[in-house]
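Asks:
Residue numbers (the working numbering): 274 to 430.
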């Protein structure tokens with residue numbers, strides 16, 4: 274009985290010392306001069322958007338970049354990310370079909386006036402690579418050329 278009371282009293286003393294040490298010896302974060310914390314300044318961020326499309330399936334990954342009338346298409350295998358050459362890519366928009374031409378290894382291009390028309394274009398893309406055939410759906414949003422710069426205000430971080 275005596276040893277348990279002695280143990281409890283020592284435990285109480287240790288806890289009290291711990292409380293005093295952690296409470297009264299903590300480091301204060303103090304304010305210091307040299308900084309103006311007045312009205313925050315805003316920074317204009319100007320972004321020019323490049324219209325892009327991304328379409329994926331179990332077989333293919335297709336990334337397209339609209340360069341003002343020419344859609345450059347990168348075609349890869351979905352699982353291995355290996356470039357696919359000698360494929361046939363057909364893009365259907367509003368009952369018209371456009372066939373992309375391979376301009377270099379795994380890089381294709383299609384041209385059309387619709388690539389300059391502002392708005393959302395719903396595309397159905399047919400890809401044939403050897404015996405693999407797949408249909409992909411993608412939306413290409415072409416910004417209005419009169420509003421091609423998007424301005425935002427905000428902090429730089």
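Every residue gets a Cβ at the ideal spot worked out from N, C-alpha and C, and that includes glycine.
Between residue 368 and residue 374, which are expected to be in contact by the criterion C-beta below 8 Å, what is the C-beta distance as a whole number of angstroms?
Replies: So it is not a contact: roughly 21 Å between Cβ atoms.
Asks: Mind the definition here: the segment 353-366 touches the segment 322-330 only if three or more C-beta pairs lie below 8 Å; say whether that holds.
Replies: The segment 353-366 is not in contact with the segment 322-330.
Asks: I need the DSSP call for residue 290, collapsed to helix, strand or coil.
Replies: helix
Asks: Quick one: what does DSSP say residue 284 is sitting in, helix, strand or coil?
Replies: helix
Asks: Please classify residue 403: is it buried, with 16 or more other beta-carbons within 10 angstroms of its beta-carbon, or exposed?
Replies: exposed
Asks: Does the beta-carbon distance from residue 398 to residue 335 come in below 8 Å?
Replies: yes
Asks: Start and end of the beta strand (DSSP E) containing residue 349?
Replies: 343-350
Asks: Can you list the beta strand (DSSP E) stretches of 3 or more residues lying completely in the segment 337-417, in chain order?
Replies: 343-350, 361-366, 369-372, 374-377, 380-384, 392-402, 405-415
Asks: Within 10 Å of its beta-carbon, does residue 400 have 16 or more other beta-carbons around it, so buried, or fewer, so exposed?
Replies: buried
Asks: On the DSSP letters alone, give me the boundaries of the beta strand (DSSP E) that residue 326 sits inside.
Replies: 325-329
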